[in-house]
Structures are given as C-alpha cells and as structure tokens.
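Asks: Position one of the sequence shown corresponds to residue 4 (my numbering), numbered consecutively onward. No residue lacks a Cβ here, since even glycine has one placed at the ideal position from N, Cα and C.
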Amino acid sequence: MSHRHLIAFVFATALICQSIGSGDRVLGQDATLDAPSSSDVVEDQFIYKTVTDDSSEKSTELFVDWTRPADWSAEDSRPAAVFFHGGGWTGGKPGQFALHSKELAGRGMVCFRVKYRLLGKKSKTPPDNCVEDASDAFRYIRANASKFGIDPKRMASGGGSAGGHLAAYLGTMDDQVVDGVSRKPAAMLLFNPVYDNGPGGWGTTRVGDEFAKYSPAHNITKDDPPSIVFLGTNDNLIPVATAERFRDDCKEVGVRSELHLYEGQPHGFFNAKKTDGGGKIYRDTMEKTVAFLKSLDWIE
C-alpha cells in the first residue's frame with residue numbers, strides 16, 4: 004500500500020440487495036452472435052475502494068459497474084469477467100466494455116467494469132496506482148463472490164490496450180494474496196494489450212529500468228492462466244512480433260495462448276463502432292471470445 008494514500012475498502016451490500024494461440028489472420032467476417040436485449044440483463048454499480056490523497060486530503064470513491072443475467076441469484080456460482088478500460092493509463096472509461104459485458108451476461112456470466120485511478124498525461128509516473136487498483140478490485144470481487152453469485156475459481160481478467168496490460172498483469176505477475184484472497188485470474192481476455200513494457204516496448208518512459216516489475220511479457224511462467232489475444236496488424240503500439248512472442252513464450256512453458264490477428268486493422272479495432280461496417284469485427288472478436296470461454300467449459 005502506498006504511503007501517499009490511505010485506502011479504505013467499502014462493501015456495497017445495501018446497493019446489491021436493493022438491485023438484486025492460433026495466430027490466424029482474418030478480415031472480420033460476419034459473426035453469428037445475437038446481442039442480448041436490455042431485458043436480458045441487469046446493471047448496477049458499487050464502490051470497491053475509497054482513496055484519500057494525503058497532500059490534498061481529497062477522497063475519491065472508485066466504483067465498479069456490473070452486469071448480470073436477468074435470472075441471476077446471489078446463490079448462483081457463475082463464471083465472471085472483470086474488465087479494465089484502455090486509455091494509456093491516463094484516460095478512458097469503464098463503459099468501453101459495456102457491450103462486451105451485456106453479450107457475456109446474456110450467456111450466463113456476471114461481468115464487472117472497473118474504474119481505476121489515472122496518471123497525469125504530462126507526468127512520467129509509473130502505473131503503480133493503476134496496478135494497485137486493478138489488484139484491489141479483483142480481490143474485492145473474489146472475496147465477495149458469494150454476494151455476487153459468482154464462482155471465485157472461474158474469474159477472467161479482460162481489457163483493451165492499457166486495460167489489457169492490467170488484465171495481463173494480474174495473470175502473469177507473482178500473486179499477492181491479501182487476507183487469503185488471490186488476485187490471479189483463471190483466464191485472460193486481451194484486446195490489443197500493451198503487455199510488453201520492456202526496452203523498445205510501450206510505456207518504457209514511465210517504467211524505465213524497472214520494467215520487469217510491470218511488464219507481463221517478461222513474467223510468463225507455467226502458472227499463468229490461458230489467454231486469448233486480439234491484435235490488428237497495423238497497430239502502431241504493438242508489433243505483431245510482440246504478440247507472437249508472447250504466444251510462443253506461453254506455449255514454451257505449457258500455457259495455452261490463442262492469438263488472432265486482424266489484417267490491416269489499427270489499435271482499438273475491436274471496439275464496436277459504425278466505422279467497422281456495422282460492427283462486423285467487434286462481433287467476430289466476440290464470437291471468438293465466446294468460443295474460448297466455451298472451450299474452458301465456462302459457458303454453453
């Protein structure tokens with residue numbers, strides 16, 4: 004825990020009770036998934052942490068948006084996905100993965116989207132607050148699995164870009180168990196993740212010579228969870244060679260890692276947007292995500 008911050012965990016029981024790889028290259032063909040209607044899922048929010056800056060004495064509540072099936076019950080034991088938004092550690096919003104959450108909740112999962120502290124755009128501060136918040140949020144959700152109707156052994160981390168870094172960080176770094184609760188996910192859903200922070204990689208101006216403390220690509224071991232990775236071949240932040248090396252390094256230690264490359268696509272290609280021909284590429288990535296989760300026997 005940073006000496007510059009006082010962290011107080013707040014469980015939102017009242018709020019809950021109230022509302023309660025393969026390396027193949029594709030062009031993003033039509034997928035067959037049907038988006039769930041609003042009546043199929045329920046959405047809520049809770050606070051997982053309050054941070055107080057000692058210098059300003061300003062307190063900030065950090066929240067998680069969560070989406071669950073309409074037939075959800077706290078007595079359930081459903082698989083879960085915890086998403087972290089992108090934005091270079093300096094921007095972005097949890098809503099980036101709102102549609103992904105609805106899709107997966109429509110298939111029986113419970114999904115969470117984490118608000119975490121952002122870094123100053125002009126600063127060269129390492130992402131300590133980001134990884135701390137990601138770790139705390141994941142542990143908080145797991146510790147309260149019985150309140151959220153989820154299986155603590157079937158929790159995936161997911162994210163895009165810098166959020167993909169956080170998701171991969173949780174899966175590859177040495178686990179830090181706090182009060183008996185692990186932060187390590189059982190699977191990783193990674194959308195153009197900036198997971199190489201070493202020399203020549205992304206984020207080196209912030210992490211410098213201490214890159215091994217932050218870089219998932221430099222911490223792959225046999226204990227890591229399986230992953231699925233999506234990357235456009237025209238990504239200006241992540242070379243294809245970086246993603247192929249991550250996949251191969253995982254394979255070398257006996258860890259499953261799927262890599263799906265999208266020919267000619269830029270960074271952020273996976274987001275649902277009108278410029279994507281009606282969301283064809285988004286739907287293709289979702290179809291592959293669903294297939295990956297099915298292969299783990301998490302969903303039918």
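(1) Rounded to whole angstroms, what is the Cα-Cα separation between Ala-246 and Leu-234?
(2) Give me the residue from Asn-239, His-263 and Gly-167 with the minimum Cα distance to Ala-220.
(3) What would DSSP say about His-263, mapped onto helix, strand or coil?
(4) If contact is defined by three or more beta carbon pairs under 8 Å, each pair taking one atom from either stretch, is the region 222-231 in contact with the region 175-184?
(5) Is it true that the CB of Ser-104 sits closer than 9 Å to the CB of Asp-68?
(6) For Val-117, tell me which candidate among Gln-99, Lys-127 and Gly-123 has the shortest Cα-Cα distance.
(7) Roughly how many whole angstroms lie between the Cα atoms of Trp-92 and Asp-154?
(8) Note the first and the last residue of the continuous alpha helix (DSSP H) segment covering Ser-104.
(9) Can you check whether the CB of Ala-83 is closer than 9 Å to the CB of Phe-115?
(10) According to the neighbour-count rule (16 or more other Cβ atoms, all chains shown, within 10 Å of its Cβ), is Gln-268 buried or exposed?
(11) Leu-169 lies in the alpha helix (DSSP H); which residues open and close that run?
(12) Among Phe-86, Lys-216 and Ala-73, which residue has its Cα nearest to the Cα of Arg-110?
(13) Once you ignore the five residues that flank Arg-142 on each side, which residues in its own chain have a CB closer than 7 Å to its CB?
(14) CA-CA distance, Phe-273 and Leu-193?
(15) Going straight from the alpha carbon of Phe-86 to that of Ser-160, what length do you get?
(16) Please list, in chain order, all residues of the same chain as Leu-102 whose beta carbon is under 6 Å from its beta carbon, the five residues on each side excluded.
(17) Out of curiosity, what's the CA-to-CA distance linking Asn-147 and Tyr-51?
(18) With distances taken between CB atoms, is the gap from Ile-241 to Trp-205 smaller than 9 Å?
(19) Less than 9 Å between the C-beta atoms of Arg-81 and Arg-157, yes or no?
(20) Go through its chain and collect everything with a Cβ distance to Tyr-217's Cβ below 6 Å, but skip five positions before and after it.
(21) How many angstroms separate the CA atom of Thr-236 from the CA atom of Ile-284?
(22) If you draw a straight line from the C-alpha of Thr-292 to the C-alpha of Pro-196, how long is it?
(23) Reducing DSSP to helix, strand and coil, say where Phe-214 ends up.
(24) Quick one: what does DSSP say Val-243 is sitting in, helix, strand or coil?
(25) Using CA coordinates, which residue listed in Asp-57, Leu-65, Gly-95 and Val-45 is at the minimum distance from Met-112?
(26) Please state whether the Cβ-Cβ distance between Gly-152 and Gly-89 is less than 9 Å.
(27) Taking all protein chains shown into account, do 16 or more other C-beta atoms lie within 10 angstroms of the C-beta of Ala-215, making it buried, or fewer, making it exposed?
(28) Considering only their Cβ atoms, is the gap separating Thr-53 from Ser-62 smaller than 9 Å?
(29) Counting only runs that start and end within the region 81-166, where is the alpha helix (DSSP H) found for 4 or more residues in a row?
(30) Taking Cβ to Cβ, would you say Asp-131 is nearer than 9 Å to Leu-65?
(31) Checking the sheet assignment: what are the DSSP bridge partners for Thr-63?
Replies: Judging by the given coordinates:
(1) Along the sequence shown, read from residue 1 onward, the residue named residue 246 stands at position 243. Along the sequence shown, read from residue 1 onward, the residue named residue 234 stands at position 231. So the alpha carbons of these two residues sit roughly 8 Å apart.
(2) Residue mapping note: residue 220 aligns to position 217 of the sequence shown, counting from 1. Closest option to Ala-220, Cα to Cα, is Gly-167.
(3) For the purposes of this step, residue 263 is taken as residue 260 along the sequence shown, with counting starting at 1. Of the three classes helix, strand and coil, the one that applies to His-263 here is strand, per DSSP.
(4) yes
(5) Looking up residue 68 in the sequence shown gives position 65. Looking up residue 104 in the sequence shown gives position 101. Yes, they are a contact pair.
(6) Position 114 of the sequence shown, counting from 1, holds the residue named residue 117. With distances taken between Cα atoms, Val-117 lies closest to Gln-99.
(7) Translated into the one-based positions of the sequence shown, residue 92 becomes position 89. Translated into the one-based positions of the sequence shown, residue 154 becomes position 151. Roughly 29 Å separates the two Cα atoms.
(8) Here the question's residue 104 lines up with position 101 in the sequence shown. Where Ser-104 is concerned, the enclosing alpha helix (DSSP H) stretches over 101-108.
(9) Counting from 1 along the sequence shown, the entry for residue 115 is found at position 112. Counting from 1 along the sequence shown, the entry for residue 83 is found at position 80. Closer than 9 Å, so yes.
(10) Numbered from its first residue, the sequence shown carries residue 268 at position 265. Its Cβ being crowded by 16 or more others within 10 Å, Gln-268 is buried.
(11) If you number the sequence shown from 1, residue 169 lands on position 166. Where Leu-169 is concerned, the enclosing alpha helix (DSSP H) stretches over 165-175.
(12) For this step, residue 110 is matched to residue 107 along the sequence shown. Residue Ala-73 is the option with its Cα nearest to Arg-110.
(13) Mapped onto the sequence shown, residue 142 falls at position 139. These residues qualify, in order along the chain: Val-181, Val-184 and Arg-186.
(14) By one-based count along the sequence shown, residue 273 stands at place 270. By one-based count along the sequence shown, residue 193 stands at place 190. One C-alpha to the other measures close to 11 Å.
(15) Within the sequence shown, numbered from 1, the residue matching residue 86 stands at position 83. Within the sequence shown, numbered from 1, the residue matching residue 160 stands at position 157. Distance between the alpha carbons of Phe-86 and Ser-160: 6 Å.
(16) For this step, residue 102 is matched to residue 99 along the sequence shown. Contacts found: Ala-275.
(17) For this step, residue 147 is matched to residue 144 along the sequence shown. For this step, residue 51 is matched to residue 48 along the sequence shown. Each residue's Cα considered, the two are about 11 Å apart.
(18) On the sequence shown, residue 241 is found 238 positions in, with the first residue counted as 1. On the sequence shown, residue 205 is found 202 positions in, with the first residue counted as 1. Result yes, Cβ atoms of Ile-241 and Trp-205 sit closer than 9 Å.
(19) In the sequence shown, counting from the first residue as 1, residue 81 sits at position 78. In the sequence shown, counting from the first residue as 1, residue 157 sits at position 154. Cβ atoms of Arg-81 and Arg-157: closer than 9 Å.
(20) The count along the sequence shown starts at 1 and reaches residue 217 at position 214. These residues qualify, in order along the chain: Asn-200 and Val-210.
(21) Against the sequence shown, residue 236 aligns to sequence position 233. Against the sequence shown, residue 284 aligns to sequence position 281. Each residue's Cα considered, the two are about 14 Å apart.
(22) Here residue 292 refers to the residue found at position 289 of the sequence shown. Here residue 196 refers to the residue found at position 193 of the sequence shown. Approximately 15 Å, taken between the alpha carbons.
(23) What you label residue 214 is simply residue 211 of the sequence shown in a count that begins at 1. Helix at Phe-214.
(24) Counting from one through the sequence shown, the residue named residue 243 turns up at place 240. Note: Val-243 maps to helix in three-state DSSP.
(25) On the sequence shown, position 109 is the one that residue 112 refers to. Closest by alpha carbon: Val-45.
(26) By one-based count along the sequence shown, residue 152 stands at place 149. By one-based count along the sequence shown, residue 89 stands at place 86. Not in contact: Gly-152 and Gly-89 (Cβ atoms no closer than 9 Å).
(27) As a first step, residue 215 must be located in the sequence shown, where it is residue number 212. When all chains shown are included, Ala-215 counts as exposed.
(28) Here residue 62 is taken as the residue at index 59 of the sequence shown, counted from 1. Here residue 53 is taken as the residue at index 50 of the sequence shown, counted from 1. For Ser-62 and Thr-53, yes; Cβs fall inside 9 Å.
(29) 101-108, 131-146 and 148-151
(30) Here residue 131 refers to the residue found at position 128 of the sequence shown. Here residue 65 refers to the residue found at position 62 of the sequence shown. No, the pair does not count as a contact, with Cβ atoms beyond the cut-off.
(31) Along the sequence shown, one-based indexing puts residue 63 at 60. BP columns for Thr-63 point to Val-54.
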